[in-house]
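Line by line, the protein sequences give chains A, B, C and D.
For the first sequence, our numbering begins at 406 and goes up steadily by one.
For the second sequence, our numbering begins at 406 and goes up steadily by one.
For the third sequence, our numbering begins at 38 and goes up steadily by one.
For the fourth sequence, our numbering begins at 38 and goes up steadily by one.
The beta-carbon is built from N, C-alpha and C at its ideal position, and this holds for glycine as well.
Note that this is a predicted model, so its numbers are computed, not measured.
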Amino acid sequence: MTLSDALAHHVHDGNCVALEGFTHLIPFAAGHELIRQGRRDLHLVRMTPDLIYDQMIGMGCARRLTFSWGGNPGVGSLHRLRDAIEHAWPHALELDEHSHAGMAAAYTAGASGLPFGVLRGYQGCDLPQHNPRIASVTCPYSGERLATVPALRPDVTILHAQVADAQGNVSLHGIVGAQREAALAARTVIVTVEQRVESLPPAMNQIVLPHWIVNAIVHCPLGAWPSYAQGHYDRDNAFYLNWDAVSRDRQKFLRWMQDNILSSANHAEMMHRVARERAA
Amino acid sequence: MTLSDALAHHVHDGNCVALEGFTHLIPFAAGHELIRQGRRDLHLVRMTPDLIYDQMIGMGCARRLTFSWGGNPGVGSLHRLRDAIEHAWPHALELDEHSHAGMAAAYTAGASGLPFGVLRGYQGCDLPQHNPRIASVTCPYSGERLATVPALRPDVTILHAQVADAQGNVSLHGIVGAQREAALAARTVIVTVEQRVESLPPAMNQIVLPHWIVNAIVHCPLGAWPSYAQGHYDRDNAFYLNWDAVSRDRQKFLRWMQDNILSSANHAEMMHRVARERAA
Amino acid sequence: MSYTADEMMTIAAARQLRNGDVCFVGIGLPGAACNLARMTHAPDLVLIYESGTVGTRPERLPLSIGDGELAQTAAYVVSLPEVFAYYLQAGRVDIGFLGAAQMDRFGNLNSTAIGDYAQPHTRLPGAGGAPEIAAHAAQTFVVMKANPRSMVEALDFRTSGGFLEGHGTRQTQGLRGAGPQVVITDIGILRPAPGSQELQLHEIYPGASVEQARAAFGWPLQVANALQTLGAPSARELETLRALQRRSAIAHLHRQPLPLHLLDTCP
Amino acid sequence: MSYTADEMMTIAAARQLRNGDVCFVGIGLPGAACNLARMTHAPDLVLIYESGTVGTRPERLPLSIGDGELAQTAAYVVSLPEVFAYYLQAGRVDIGFLGAAQMDRFGNLNSTAIGDYAQPHTRLPGAGGAPEIAAHAAQTFVVMKANPRSMVEALDFRTSGGFLEGHGTRQTQGLRGAGPQVVITDIGILRPAPGSQELQLHEIYPGASVEQARAAFGWPLQVANALQTLGAPSARELETLRALQRRSAIAHLHRQPLPLHLLDTCP
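This is how it looks when you write it as C-alpha cells:
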C-alpha cells in the first residue's frame, strides 16, 4: 500500500489525528502527504507540534490543536503556529493546551480505556483557567484534590518506526515519547517504517506494536526526516536551524512548501528535491 | 553486604514488605532469610503469594496479606495460606484482597506518587463488599463511576534480578510482573542478583532500576530458586508439584522448614542441603 | 479412536476459537484448549498470558502462568500493569478464557471461597485476573467440569460477573464485553438463551444424554430446542492434544539437576 | 582569562550542582550548565532529559531535547508517561532546571504568552514539562538573563509556580518541592529570603555592581545583607565550557549529506 492510498483511505477532513514522536521518529512524510491531499479541519494532537505541525497549520490543514509545547526545539519559535495564534493566519486555530505531564496522562488514559487521567499537575499554573478540559477529582482516601485530563482518543494515530515484519508487527526503539500510548489510544493506527523484514526476533521487553492494532503499514525510508530514526540516520539539525528563516515570512514559507512538498509527487521525490536544493 | 546484614538492617517487625516477582524472579532467598531472622507482624504484599509467602505465613511472619491470587500455580492450593485463613494457624491473618488489575493499579499509583489508582474493575464482583479499601470516583467528564484502590507504598520492596553493575544499577528481563512499580513505590529497595558486572551495556528501552533508588544489592546466585531467572536457570516445576504434599501437613511442613531453611546458615548452604535431599 | 470426557472437553473448547482471535489465557484447561487450537485449525491465534507475554507460541503447556518458555516464545513481553490496562481494560482482547470452582445458571463464577468469605470452609486461590477478564473481553469462554458441586443454584461468592441476574442486568453494571457466550463442560456446551440470558445446553457430546447432563447440574438445566450433537474428536485433534500433554507432563515432572555451580560465583 | 557574562552565568549555574544530584534537564542554558558540571566537579551527576533518557552522558550538547546522542549515551530510556509519573511526579528528582521568558519576584515563571492568552502579543512555546517540574522537583534552579522585560513586576501568564505570593503560599497549593531555591542570572545569583520568600540578590559576579543589578530588574530588587562576590571562572571551567560549546556548534551546523541511498530499498 502506498502512503498516499493509506492516508486517503483512513484520514478524513475533520478527524482528530495524532502524528506522534517526541523529537525522534516524527512522521514527516505522512504529514507532508496530508498537506498534498489538502486535508482540512483536522483536530491535530501532538505533545510538541514541531516543524511538521508548523507546516500543516501554515498550509491550513488544522482547525484545532491539542499540545503541550509549541516551539522549534533548540531554535526558537514555530512561526506558522505563532502566526495562526497571533493573527489567525491562514485562519483561526482553537487551542487545547496542556503540560507534558497532562498530555502524557491523557494519552495513557486513552490507551487504558479510561475516560480520564489523574495527575498531581497544573498547581500554580494558569492553564486550567483557560482550558476548561483540565478539571479535578477528590481522592476517596486522603481527600486531596488532584488534576484530571480527559482521555485522548484520536480517530487516527500516525507513527514512524524503524521496522515492521510481514505480519504487520512494528518495532521501535530509542526515545519513544508517548507513541505507544498514542497508538493504543487510537481507533485507527497507521505506521510508516524505515525497513520491512520477514520476521522480527523475539523482542522480550522491547517495544512492539502488535499487528492486530495496526491498520496500515507503509514502507517509507527517510519517513522521519528531518527528524531522525535511531540506527538509520541522524536528526538534520541544520534543517531545523534553517527553518526559522524559511518560516518567518508567509510568502517564503508558501514558496518553500510549493517548491518542495506540493511539487513533489511523493516523499522520495521530495527528498531528491531537497538534496538538489541543498547542493545548489 | 550479606543478605543477612541487608535484611537485618532494612526490614523490621511490623513493616509493610513486598517481595515481588510474577512467577519469575521471585526473591526466595530473601524470604528464607526473613524466616531465619524470625521477622514478625509483617504486612506482606504480593500479587501471587506463591510458595515463598506460604512458607513465611506458615512460619508465623505475617499479620496481614495484600494479594490477588493465592494458589500454587498449576498445582492447586497454598496449604499454609489456607490453614491460616481457614483455621488461624499459626495465627490469624488479615486479608486485603484484590484482583490482579486492582493490585497492578495500586502499585502503579504508588510508583507514580499518586494516592490512589483508578480502574474499570471489580464490576459484578463481591470483593468490594468485603474490602472497604476498594472504593470509587466519578469521572468529571462522563459521570461514570470507576473503581479505585489506595496506592501501595511498601516500607520495603525486595526483588531478585539477573544482574547489577558496580554502581548499583539493576537490570532485569523476561516476565517482569509489577516489579518495577513495586520498587518505585517503596521507601526502601533491596535487590538480590544472579550476577554482578563492572558496568551494564546501554540498555536503551530495556528495564533498569537506577542505582539512586536501590538501597542495597546482594550478590545471591540461585536467589530465585525454585522459581527461575530467565537466562540463568529454569523454574523447578518438580519442586512446586512436590510442595503440595510437603505443605499439606503442619508437622511435615515444619520439619521441612527446619531441615532445609532453619538449619542452614544461609542460602548457599540451603541449596546444597536441598541437592543432597534430592539425590537421596 | 477412543477418548476421555476430558479430552472431548478440551477439544470442544479448542474448536470454539477462530484463527486470528486474540485470547487472554488462564492456566490449566484454557491453556490446553488455546494451544491445541493454535496447533490445529487456528495457527494465527494470538495468545496473551496474564503474565504479560503477548503472541506466545509455547511448544509445551507451562505449569505456571509465567514459565520461562512463555517469555522465550512470545513476540514480546509487557509488564502486569500494561497487560491489564493497555490490553485487557482497553478492550483489545477478543476472548477471555476462564475456569472456576463454581458457576451459576447465569455464568457468574466463584474462585474465591466455599462457605463464608470471612470463615470459609474451603479457601480457593481467589480472583487473579478473572473479574476484569470477565468484564472487558469482547466475550468470555468458560471451561469447567459439570457436577452438582460445581454447577450450583447459588454461588458462595461471586468472583467474576457473567450475566449477573440475567435479562440484561450485565449491561447496566458496566461490564462492557458480551459475557460468557460459551460454557464448555465435560458433557456438552452451554450458551445463553436470548432474552433471559440463562445458560442452556446447546450441544451435547457423542454418547452423552440429556438426563446425564441434567444430573450434573445443581439447577434445573434448560435444553435448547434444537439440541445438537457435537462431532467426536478427529484423529488429528486427539493426537495433537495427547502429544502436547505428553511433552508437558515430561517437562513438569522432570527433576532437573540444581545448577549449584552458579553458587561458586559468590564471594 | 577573559570571559563573557553568559559564560559566567553558565559556570555559576554549574557550580550549584553537587555530585550525585539527580537533575531533570531542560534544553538550552540548563543543559549546558548540567553537562559542564558533569564534565568538571560532578562526574556522577545523574541527568534525566524530559525526553525520557536517564543517566545521559552526552559528549556534546543536543540541539533538541531528544537528539539521538541522548538515547545512545543514556543508561536507559523510558517513555514520556513514565518519566513524568514514575520519576518526576513520584518525587525522585532532586533538582529541576528551568528557564523562561518572564520571572517575577517570587520565582513564578512565564513561558506561555506575552500579552493576553487568547490574543497574545507574542506567543511563546508554552508549558512543556515546566509546571510539574516546578511542583515536584525537590528544588528548582532557574537560569535566565536579567533585564526589565524578563524580570517583571507582574507576569502576563503564570506557566509554573515558584513561591506564588510568597510567605508560604506555595506549600498550601500542593506544590511539594521546595521551589526556586537558586536563580542564576547574568549579573548574579538570587535566593529566597526567609519568611517572605521574595528572591533577593545573594551573590554578585566579579565586576558587576548592585546598581547594574537593580537596573536589570523590573521590580525593586532586594539585596542580601551579606552580599557575596562569586569567584571568577577558573581556566578549567572556561576551557571545558568552550570546548563543549565548540563541539556542539559544529555538530548543530553540520549539513550532513542526505542518506538518499536509503530510498532505494523502497519498492
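Its Cα nearest to that of Asn536 of chain A, the residue A:Glu502 stands out among A:Val542, A:Ala588, A:Glu502 and A:Gly515. When DSSP states are grouped into helix, strand and coil, Asn642 of chain B belongs to the helix group. Taking the beta carbon of Ala172 of chain D as reference, the chain A residues within 8 Å of it are Arg525, Gly526, Gln528 and Gly529, listed in sequence order. When CB distances to chain C are screened at a threshold of 7 Å, not a single residue of the segment 534–555 of chain A falls below it. In the DSSP assignment, Leu659 of chain B falls within the alpha helix (DSSP H) that extends over Arg655 to Trp661. At a C-beta separation below 8 Å, Gly518 of chain A has these neighbours in chain C: Ala122, Gln126, Ala127, Gly128 and His173.
If you draw a 10 Å sphere on the C-beta of Glu248 of chain D, you find fewer than 16 other C-beta atoms in it, and that means exposed. By the criterion of a C-beta distance shorter than 8 Å, Gln176 of chain C is surrounded in its chain by Asp131, Ile132, Gly133, Gly214, Ala215, Gly216, Pro217, Gln218 and Val219, once the five residues flanking it on both sides are discounted. At least one beta carbon of chain B lies nearer than 7 Å to the beta carbon of Val114 of chain D. Three or more pairs of CB atoms, one per stretch, sit closer than 8 Å, so the segment 478–497 of chain A contacts the segment 451–463 of chain A. Annotation: Cβ neighbours of Ala108 of chain D in chain B (cutoff 7 Å, chain order): Met609. For Val130 of chain D, there is no enclosing alpha helix (DSSP H), as DSSP marks it with neither H nor E.
Nearest C-alpha to Ala608 of chain A among B:Ile612, B:Gly522 and B:Leu605: B:Ile612. Shown in chain order are the members of the segment 590–617 of chain A whose Cβ falls below 9 Å from a Cβ of chain C: Ala590, Leu605, Pro607, Ala608, Met609, Asn610, Gln611, Ile612, Val613, Pro615, His616 and Trp617. Looking only at A:Asn671, A:Arg681 and A:Ala685, the smallest Cα-Cα distance to Gln442 of chain A is reached by A:Asn671. Within the same chain, Cβ atoms closer than 8 Å to the Cβ of Cys530 of chain A are found at Ser504, the five residues on either side in sequence being excluded.
For the pair His616 of chain B and Gln572 of chain B, the CB atoms are nearer than the 7 Å cut-off. Along the segment 553–582 of chain B, the positions whose C-beta sits under 7 Å from a C-beta of chain D are Asn574, read in chain order. Excluding sequence positions up to five before and after Arg538 of chain B, its CB lies within less than 8 Å of the CB of Asp501, Val554 and Pro555, all in the same chain and listed in chain order.
Here the alpha carbons of Arg97 of chain C and Thr110 of chain C stand approximately 11 Å from one another. Counting only runs of 3+ residues, the beta strand (DSSP E) found wholly inside the segment 230–277 of chain C occupies 236–241 and 259–266, in chain order. Around the beta-carbon of Arg279 of chain C, fewer than 16 other beta-carbon atoms lie within 10 Å, marking it exposed.
Between the alpha carbons of His289 of chain C and Pro478 of chain B lies a gap of roughly 12 Å. Counting C-beta pairs closer than 8 Å gives three or more between the segment 228–240 of chain D and the segment 249–262 of chain D, which meets the contact rule. In this structure, Asn574 of chain B sits away from His578 of chain A, with a CB-CB distance that is not shorter than 7 Å. At a Cβ-Cβ threshold of 7 Å, Tyr242 of chain C and Leu267 of chain C count as neighbours.
When secondary structure is reduced to three states using DSSP, Tyr124 of chain C falls in the helix class. Close to chain B, meaning a Cβ-Cβ distance shorter than 8 Å, are the following residues of the segment 89–102 of chain C: Gly89, Thr90, Pro99, Leu100, Ser101 and Ile102. Annotation: the continuous beta strand (DSSP E) that includes Glu502 of chain A extends over Glu499 to Glu502. Between the alpha carbons of Thr206 of chain D and His173 of chain D lies a distance of about 16 Å.
Among the CB atoms of chain C, none fall inside 7 Å of the CB of Tyr458 of chain B.
A straight line joining the alpha-carbon of Leu551 of chain B with that of Pro257 of chain D spans about 51 Å. By the criterion of a C-beta distance shorter than 6 Å, Pro294 of chain C is surrounded by no residue of its chain, once the five residues flanking it on both sides are discounted. Within the segment 138–211 of chain D, the alpha helix (DSSP H) runs of at least 4 residues that lie entirely inside it are, in chain order, 167–173 and 206–209. DSSP, reduced to helix, strand and coil, places Asn477 of chain A within a strand of the structure shown. Secondary structure note for Tyr86 of chain D: its beta strand (DSSP E) is the uninterrupted segment Val83 to Tyr86.
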